[in-house]
Amino acid sequence: MGKYLEMIRVRFLMMLAYRTNYYSGILIYSINIGAYYFLWNAIYGGKGEIEGLSVIQMTTYVAVAWMARAFYFNNIDREIAQEIKEGKVAVEFIRPYHYLLMKTMQGLGEGIFRLSFFSIPGMVIVSLVFPIEFSAAFSTWVFFMIAIILSFIVNTQINLLTGVMTFFFFNNDGLIRAKRVVIDLFSGLLLPISFYPGWAQNVMDFLPFQAISYIPSMIFTEGFTGSAVWEAILFQLVWAVILILPIQALWVIAKKRLIVQGG
Amino acid sequence: MEKVIDVQSLRKDFKSHSSRSGLKGAFRDLFTRNYKVISAVKDISFTVNEGEMVGYIGENGAGKSTSIKMLTGILTPTSGTVRVNGMDPHKEREKFVRSIGVVFGQRSQLWWDIAVQESFRLLKKVYNVPDDVYNEHMNHVIESLDIGPLLDKPVRKLSLGQRMRCELAAALLHNPKLLFLDEPTIGLDVLVKLKIRNFLKEINEKYKTTILLTTHDLTDIEALCDRVVMLDEGQIIYDGKLAKLRSNWGEGKQIEFQFGEQVSGEQLQPLLKELEAEWTKGDRDNVWIANVINEEHVISEVIGRVVAANRITDIKIHEISTEEIIRNIYEEGMLNG
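Here you go:
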């Protein structure tokens, strides 16, 4: 276990080594939150609420969704693809650890870094600029913490799945890009799932994407209450377990047919 | 003696697709592809005993890297058996890789953006090395490779020679019984090469570490290995002592004469009459080389006759280098001796 914790620490150090990325990240996230704030204000106009969310809840939803994204978002699919293409994956195979688990830990190191140096200070600044409502209930915060951990797991699993596909396609930049758009759209980051037409909502109930952004944001804004919270967390948990299967299966096949590029 | 590596009729086939030519061909490739099976390693067998240092040589594409990758458990063999340190590298991967160290000269295994000591610290955790063992062993390694001053620098700021010494230290961090070195001295200067060679000799003596060394630099092999395994087109064409290779193939010497005046081939030809020797022209003016067999009386006879007949400003006697021997073998393809 020590090695996996150590990897989180190393990733933390790597993030510190590239400070410019970090500063530009803050800027991009602030612009996004600002843009969506004004967009939603215009859409609401004088209306008190749409689809059960008030305008303040909506603003909070947008801010939280982006800040949570800073935690669950990572580029490990891109990294895996690159390591396979450059043949670096050979080095990973001579280490006594599970490559995918190590990659997950790197994602977690990155997530914890952004959560502590980026999301939390960012949230304080955003709450000063825009009217945002924080829940006073302790239970909401606990559920939110559980939900974003699960959303990290589900998102990372989808990334691992996309990354491991590189073993079969050798160049899957297109797939990685498509995955990113699908997640932004269907996870509820850009638009809460409850705003989609009924049939689309039904389809999305059978897909894992809303576990990534919609569920933690709805829990935070108290759009979900009572048993809905439990059902939402159960939904995330079920997907986190289901997704292990295709990853493990692809990984076993990938190991057998590994071809190391370049010498 | 204990067998560290035991390879029996190991084979690796790759399926590769060949592209059809032209635009029409490219469209056809979208639907069906032509596959060709290429055998990179063809049924090789060899064993390596504990404490041996073996040079593993061959031309580019001879199958060296592929076989090393099977020995380290990165690739699965198509057929044949591999036992390394008494384990199947692919089946018991996590346990197995703890018992080996690997250096790939062409790719770094240190983390690029962080200081060398952070990489070491991570590897120490990865291999579960206890503090006291680590301190004793690594202090020695760091001192012999002279990398103490480099430890707090990020890997991307190191020169190639500095990085390679750190790579070697990282591969030895868990003190493995078996060390694979894939072109460890590629692109390094003479001093760094010497340092690395001395260090390898030392750990081989101290810990009885078995070393399998792949390189194109034959001076590495000459300095370190008693035994060489030579690969050509996926097959072993020589497995034995380096000295024997030299004595079988390196018969003969070259005597290089620098003449004080202009001489021609016709003038020189009669001097070698009835001797097993022949002339070739050197690359500079007035330099001629006599290729002779390695026998005392022939060598002295040639020198005597030439010196008596011409004015000489310089004489050098060369032994045929291992490099030339290997080149001859590569060119002829198979070893008959």
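Same order as they appear, the protein sequences are chains A and B.
Numbered according to my numbering, the first sequence spans residues 286 to 548.
Numbered according to my numbering, the second sequence spans residues 76 to 412.
Where is the CB? At the ideal position from N, CA and C, for every residue including glycine.
This structure is a prediction, so every number in the text was calculated from the model and none was measured.
Would you list the one or two residues that DSSP bridges to residue i?
i         : result
Phe-332/B : Trp-363/B and Ile-390/B
Val-159/B : Ile-80/B and Met-162/B
Lys-90/B  : Val-112/B
Val-537/A : Val-537/A is not bridged to any residue.
Gln-310/B : Asp-307/B
Lys-356/B : Trp-363/B
Tyr-131/B : Thr-289/B and Val-304/B
Lys-316/B : Arg-302/B
Phe-179/B : Asp-257/B
Which residues in the same chain have their Cβ closer than 8 Å to the Cβ of residue i, if we skip the five residues on either side of it in sequence?
i         : result
Val-377/B : Ile-330, Leu-346, Leu-347, Leu-350, Ala-352, Ala-365 and Val-367
Glu-336/A : Pro-477, Ser-479 and Phe-480
Gly-233/B : Before going on, a small fix: residue 233/B reads as Leu here, not Gly. Within the same chain, Leu-233/B has close Cβ partners Val-191, Leu-225 and Cys-241.
Tyr-313/B : Val-303, Val-304, Met-305, Leu-320, Ile-404 and Leu-410
Specify the secondary structure class of residue i as computed by DSSP and reduced to three states.
i         : result
Arg-173/B : coil
Trp-484/A : helix
Lys-370/A : helix
Lys-348/B : coil
Met-145/B : helix
Pro-416/A : coil
Met-450/A : coil
Val-123/B : strand
Ala-302/A : helix
Lys-270/B : helix
Glu-336/A : coil
Asp-207/B : helix
Leu-98/B  : helix
Asp-490/A : coil
Pro-229/B : strand
Asp-118/B : strand
Ala-190/B : strand
Leu-400/A : helix
Given residue i, which residues of its chain have a CB within under 6 Å of its CB, disregarding the five upstream and five downstream residues?
i         : result
Pro-493/A : Val-439 and Trp-524
Phe-453/A : none
Arg-240/B : Leu-220 and Ile-222
Gly-547/A : Confidence in Gly-547/A is poor, its pLDDT being 46 and thus under 50, which makes the residue's placement unreliable; the coordinate value appears in the next sentence. Answer for Gly-547/A: Gly-372, listed in chain order.
Leu-287/B : Val-129, Tyr-131 and Phe-255
Gly-262/B : Leu-235
Applying the 10 Å Cβ sphere with the 16-neighbour rule, what's the burial state of residue i?
i         : result
Gln-342/B : exposed
Met-292/A : buried
Ile-217/B : buried
Trp-187/B : exposed
Val-386/B : Sequence check: residue 386/B is Arg here, not Val. Arg-386/B comes out exposed.
Trp-515/A : exposed
Leu-266/B : exposed
Gly-333/A : exposed
Phe-509/A : buried
Met-450/A : buried
Lys-328/B : buried
Ile-189/B : buried
Leu-445/A : buried
Ile-271/B : buried
Thr-156/B : exposed
Ala-496/A : buried
Pro-251/B : buried
Give the residues of chain B in contact with residue i, contact being defined as C-beta atoms less than 7 Å apart.
i         : result
Arg-380/A : Val-172 and Val-201
Val-295/A : Trp-186, Ile-189, Glu-193 and Leu-197
Gly-372/A : Arg-182
Show which residues of chain A have a CB atom less than 7 Å away from the CB atom of residue i.
i         : result
Val-129/B : Going along chain A, no residue has its Cβ under 7 Å from Val-129/B, so there is no contact; the nearest lies around 19 Å.
Gln-184/B : Val-376
Gly-155/B : What Gly-155/B touches in chain A: nothing, since even the nearest Cβ is about 16 Å away.
Using the beta-carbon of each residue, which ones in chain B are nearer than 9 Å to residue i?
i         : result
Gly-287/A : Lys-200, Val-201 and Asn-203
Lys-388/A : Those within 9 Å of Lys-388/A in chain B number zero; the least Cβ separation is about 13 Å.
Lys-464/A : In chain order: nothing, as chain B lies at least about 23 Å away.
Leu-535/A : Going along chain B, no residue has its Cβ under 9 Å from Leu-535/A, so there is no contact; the nearest lies around 16 Å.
Lys-332/A : Within chain B, no residue comes near Lys-332/A; the closest Cβ sits about 50 Å away, beyond 9 Å.
Taking 7 Å as the limit between beta carbons, can you name the residues of its chain near residue i, skipping five residues before and five after?
i         : result
Leu-248/B : Phe-195, Leu-198, Lys-199, Tyr-202, Val-204 and Met-213
Gly-148/B : Pro-164, His-165, Arg-168, Phe-171 and Val-172
Pro-152/B : Leu-85, Arg-86, Lys-87 and Met-145
Glu-507/A : Ser-420 and Thr-425
Tyr-314/A : Trp-351, Ala-355 and Gly-407
Just the chain A side, please: which residues come within less than 9 Å of residue i by C-beta, in chain order?
i         : result
Asp-188/B : Leu-298, Met-299, Ala-302 and Tyr-303
Ile-147/B : Before going on, a small fix: residue 147/B reads as Thr here, not Ile. The contacting residues are Ala-375, Phe-378 and Ile-379.
Leu-427/B : Summary: the structure shown does not reach residue 427/B, with chain B confined to residues 76 through 412, and so no result is reported for it.
I want to verify the contact list: residues of chain B whose CB lies under 8 Å from the CB of residue i, in sequence order.
i         : result
Glu-291/A : Arg-196, Leu-197, Lys-200 and Val-201
In chain A, what lies closer than 8 Å to residue i by C-beta?
i         : result
Phe-179/B : Ala-375 and Val-376
Thr-107/B : Per Cβ cutoff of 8 Å: no residues; Thr-107/B is ~18 Å from chain A at best.
Cβ of residue i within 7 Å of any heavy atom in the ligand NAD?
i         : result
Ile-365/A : This structure simply doesn't include the ligand NAD, nor any ligand for that matter.
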